[in-house]
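Numbering (the numbering used here), first residue to last: 2 to 119.
Using N, Cα and C, we set each Cβ at its ideal position, and we do this for glycine too.
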């Protein structure tokens, strides 16, 4: 089926050039955006991986502890396993709030400046 639409142009005049991207990447504003992201994401990632590995190690090497009954048929392993899910959702929620409050405004300012809006 043929269309009357012209083929897409090779260069969109609204897009920034490679040099403009490199310039923004070297800017203090972009460095601050990266620092804000890294200072939040890296410690949480390391903490969550350590928490997960602790759970795995306890499951493998501390069977008696993990089998300790908490209430009824609920043992420590089940409580810690469910806590893994809880911490996953809490971290995602916390990051979402951090991104909306700290990262998105900075990224939007950079984007609008690059697109010629500011």
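Item, Value
"If you follow the alpha helix (DSSP H) that residue 84 is part of, which residue opens it and which one closes it?", "77 to 99"
"Using the Cα positions of residue 96 and residue 50, report the straight-line distance between them to the nearest angstrom.", "16 Å"
"Is residue 77 near residue 66, with beta carbons less than 8 Å apart?", "yes"
"Under the three-state reduction of DSSP, which class applies to residue 72: helix, strand or coil?", "strand"
"Where does residue 54 land, buried or exposed, given buried means 16+ other C-beta within 10 angstroms?", "exposed"
"Going by alpha carbons, who is nearest to residue 101 out of 45, 38 and 46?", "38"
"Between residue 29 and residue 57, what straight-line distance do the alpha-carbon atoms span, to the nearest angstrom?", "41 Å"
"To the nearest angstrom, how far is it from the Cα of residue 21 to the Cα of residue 113?", "13 Å"
"With residue 33 and residue 107 assumed to form a contact (beta carbons below 8 Å), what rounded beta-carbon distance in angstroms separates them?", "7 Å"
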